[in-house]
Amino acid sequence: MRDNEQDAEPRLQVTAKGDVTVVEIGNRKILDEINITQLGEQLSKLAAQSPDPKLVIDFANVAHMSSSALGMLITLHKRICQRKGQLRLCNIRPGIYEVFVITRLNEIFHIHQSREEALASLG
Amino acid sequence: MRDLAQKMVIASKLEAAREVEEALLHRAAGFGYSESAMFAIKLALEEAINNAIKHGNGFDARKTVEVCFRVDHRKAEVTITDQGRGFDPGAVPDPTRDENLEKPCGRGIMLMKAYMDEVRYNDKGNQVCMVKSNS
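Going down the list, the sequences are from chains A and B. Heads up: the first sequence at position 15 corresponds to 15 in our numbering, and the numbers run straight through without jumps. Just add 1000 to wherever you are in the second sequence, counting from 1, and you've got our numbering.
Next comes the structure, spelled out in structure tokens:
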């Protein structure tokens, strides 16, 4: 199926909760290979808007994962840490979470079950 | 549904991989593969084709990637061949070692092996064959 959603540019729903930026990934195909670079740039721009960025990424709509997507998240995580910021991931489906476990990246990222938990974890 | 082998030759563009992915997953869905098996096939196929396009063919527009697959009610088998010089998959560092955990690259082959039942490279290292059972 070649639907409009698949061909759409990466869509992010961005909301502010105090000094925290919450990013909800807007469509299921956003982490497809050809969208990764663009998505990484969008997230990096968001992280660059604050001297000590606090970013929550909500994966509720994410149904796919790849090594490129993981690489993009690692790069983003490093950039945020360099700026003394904090990154939280949340609402990751069990099948996707398994990818984080297999790669041991669940040990690198702060992953929370819900957006509320992720927000509460930020100091 | 009959068991038909299918061969597709795609350009060295990431967009071209979607066509293959859709064709293979469509056949797997027709045989009632589980959601987790479909997830695994999609993930592994994307990793393998990306490797072929990026590392094998180096995004060279003159080179192509050949994908052959056969899907039946028992298993899905896919072979991806690039036109590169090949590589030694045994020489790829383990991305789960502590010192490699924060490296942004190098997880594709590991994920292919984790999600597929079989992953075999030819001697040259420019062809990979992967099998996923319908279980």
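No residue lacks a Cβ here, since even glycine has one placed at the ideal position from N, Cα and C.
Residue i - containing alpha helix (DSSP H), residue span
i                      : result
residue 1133 (chain B) : Where residue 1133 (chain B) is concerned, there is no enclosing alpha helix (DSSP H), although the beta strand (DSSP E) it sits in stretches over 1127-1133.
residue 1076 (chain B) : Unbroken run through residue 1076 (chain B) is the beta strand (DSSP E), 1075-1081; no alpha helix (DSSP H).
residue 101 (chain A)  : 94-102
residue 1044 (chain B) : 1035-1051
residue 111 (chain A)  : That residue, residue 111 (chain A), is in no alpha helix (DSSP H); its beta strand (DSSP E) goes 110-112.
residue 120 (chain A)  : 115-121
residue 1111 (chain B) : 1108-1115
Cβ of residue i within 8 Å of any chain A Cβ
i                      : result
residue 1008 (chain B) : no
residue 1056 (chain B) : no
residue 1068 (chain B) : no
residue 1087 (chain B) : no
residue 1119 (chain B) : no
residue 1092 (chain B) : no
residue 1081 (chain B) : no
residue 1096 (chain B) : yes
residue 1039 (chain B) : yes
residue 1050 (chain B) : yes
residue 1004 (chain B) : no
residue 1084 (chain B) : no
residue 1016 (chain B) : no
residue 1107 (chain B) : yes
residue 1114 (chain B) : yes
residue 1047 (chain B) : yes
Enclosing beta strand (DSSP E) for residue i [first to last residue]
i                      : result
residue 1026 (chain B) : Run containing residue 1026 (chain B): none in the beta strand (DSSP E); it sits in the alpha helix (DSSP H), 1016-1030.
residue 38 (chain A)   : First-last for residue 38 (chain A): 33-47, but that is the alpha helix (DSSP H), not the beta strand (DSSP E).
residue 24 (chain A)   : 20-25
residue 1120 (chain B) : 1118-1121
residue 17 (chain A)   : 12-17
Those residues which DSSP pairs with residue i across a bridge
i                      : result
residue 54 (chain A)   : A:86
residue 1069 (chain B) : B:1006 and B:1078
residue 1064 (chain B) : B:1011
Neighbour flag for residue i against chain B, beta carbons, 8 Å
i                     : result
residue 75 (chain A)  : yes
residue 99 (chain A)  : yes
residue 79 (chain A)  : no
residue 85 (chain A)  : no
residue 5 (chain A)   : Confidence is the limiting factor: at residue 5 (chain A) the pLDDT is only 43, short of 50, which leaves the residue's position unreliable, though a coordinate-based value still follows. Chain B contact via Cβ: absent.
residue 122 (chain A) : no
residue 112 (chain A) : no
residue 44 (chain A)  : no
residue 70 (chain A)  : yes
Residue i vs residue j beta-carbon contact at 8 Å
i                      : j                      : result
residue 1101 (chain B) : residue 92 (chain A)   : no
residue 86 (chain A)   : residue 43 (chain A)   : no
residue 67 (chain A)   : residue 1107 (chain B) : yes
residue 1133 (chain B) : residue 1070 (chain B) : no
residue 1076 (chain B) : residue 1024 (chain B) : yes
residue 118 (chain A)  : residue 81 (chain A)   : no
residue 58 (chain A)   : residue 102 (chain A)  : no
residue 1053 (chain B) : residue 1020 (chain B) : no
residue 105 (chain A)  : residue 70 (chain A)   : yes
Any non-hydrogen atom of the ligand SAH closer than 7 Å to residue i Cβ
i                      : result
residue 1079 (chain B) : Ligands in the displayed structure: none, and consequently the ligand SAH is not present.
is_contact[residue i, chain E] using C-beta, thresh 8 Å
i                    : result
residue 41 (chain A) : The structure shown contains no chain E; the protein chains it does contain are A and B.
Whether or not the stretch 40-52 of chain A and the stretch 7-26 of chain A are in contact is what I'm after, with contact meaning three or more pairs of Cβ atoms, one per stretch, closer than 8 Å; do they touch? yes
Assess contact between the stretch 1111-1128 of chain B and the stretch 1038-1046 of chain B, defined as three or more Cβ pairs (one per stretch) separated by less than 8 Å. Is contact present? Contact holds: three or more Cβ-Cβ distances are below 8 Å.
Any contact between the stretch 1119-1133 of chain B and the stretch 1082-1093 of chain B? By contact I mean 3 or more CB pairs, one from each, below 8 Å. Contact between the stretch 1119-1133 of chain B and the stretch 1082-1093 of chain B is established, with three or more Cβ pairs separated by less than 8 Å.
Touching or not, the stretch 1011-1024 of chain B and the stretch 1061-1071 of chain B, by the rule of three or more beta carbon pairs under 8 Å? yes
Check whether the stretch 1025-1037 of chain B touches the stretch 103-118 of chain A, counting contact only when three or more Cβ pairs, one atom from each stretch, lie closer than 8 Å. no
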